[in-house]
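For the sequence shown, this note's numbering gives the first residue as 20, with consecutive numbering after it.
We put the beta carbon where it would ideally sit given N, CA and C, even for glycine.
First up is the structure itself, then whatever we jot down about it.
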Amino acid sequence: MSVDQRTFRKALGCFATGVTVVTAIHPETKALAGVTVSAFSSLSLQPPLVLFCLGHQTSSLDAFVKAGRFAVNILAESQRDLSNRFASRAADKWNGVQWEAWDSGAPILAGCIANLECSVVTTHQGGDHIIFVGHVDRLRQQEGGAPLVYFRGGYVDYAPPSA
Ligand SMILES: Cc1cc2nc3c(=O)[nH]c(=O)nc-3n(C[C@H](O)[C@H](O)[C@H](O)COP(=O)(O)O)c2cc1C
20 MSVDQRTFRK
30 ALGCFATGVT
40 VVTAIHPETK
50 ALAGVTVSAF
60 SSLSLQPPLV
70 LFCLGHQTSS
80 LDAFVKAGRF
90 AVNILAESQR
100 DLSNRFASRA
110 ADKWNGVQWE
120 AWDSGAPILA
130 GCIANLECSV
140 VTTHQGGDHI
150 IFVGHVDRLR
160 QQEGGAPLVY
170 FRGGYVDYAP
180 PSA
């Protein structure tokens with residue numbers, strides 16, 4: 020049985036995810052790269068590994084491939100605008116965005132519930148995406164922050180666990 024793209028997207032949209040903005044700095048041009056990504060996962064505890072998937076059509080793909088380092092910024096409930104901004108192809112994505120650099124220079128965005136700084140361990144081809152596996156070198160997290168949640172093609176309100 021073949022699966023058509025629309026049905027595939029609809030079914031996969033049933034898997035609720037958090038939302039991240041994955042960032043890097045191009046080592047040659049020093050241009051900042053930032054992309055909204057929900058295809059993010061923890062991978063290993065020892066060593067601490069994570070992965071994310073980036074489409075081949077992403078304009079800043081080159082920065083992620085060449086930089087060898089990236090940051091994963093896990094968005095808070097209040098950061099829908101940031102998610103939409105980094106899901107767009109706007110040339111001025113970075114205007115007014117608050118960030119700092121740690122060791123790699125990859126932008127660490129302010130106000131996120133967690134930020135991870137990673138080194139690329141390996142990449143794999145996965146159909147029309149590339150899977151980046153990264154070693155987590157440094158991180159910070161906000162205690163008690165609520166996440167931005169994506170489900171069936173839209174943001175949904177996070178329901179805190181009941182006591
Ligand atoms: C909630 C959400 C999740 C997304 N997840 C991914 C993802 O996991 N991988 C991906 O390549 N693009 C994902 N996208 C699409 C990219 O954010 C979008 O194509 C972006 O414009 C690419 O950046 P570019 O300007 O560098 O091409 C997602 C978009 C949204 C709104």
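Fully contained in the region 25–90 are the following beta strand (DSSP E) runs of length 3 or more, in chain order: 39–44, 51–56, 59–63 and 68–74. Rounded to whole angstroms, Tyr-174 and Ser-102 show a C-alpha spacing of 10 Å. Exclusion of the five residues before and after Tyr-177 leaves Glu-96, Ala-165, Pro-166 and Val-168 as the residues of its chain whose Cβ lies within less than 7 Å of its Cβ. In summary, Thr-141 is exposed, with fewer than 16 beta-carbon neighbours lying within 10 Å of its beta-carbon over all protein chains present. About 7 Å separates the Cβ atoms of Gln-161 and Ala-133, confirming a contact at the 8 Å cut-off.
Cα atoms of Val-40 and Trp-121: separation of roughly 16 Å, rounded to the nearest angstrom. Cys-137 places its beta carbon 8 Å or farther from that of Phe-59. Here Gly-37 is actually not in contact with Phe-105; their C-beta atoms are around 14 Å apart, not less than 8 Å. The region 22–30 and the region 64–77 do not touch, with fewer than three beta-carbon pairs separated by less than 8 Å. In this structure, His-154 sits near Pro-67, with a CB-CB distance shorter than 8 Å.
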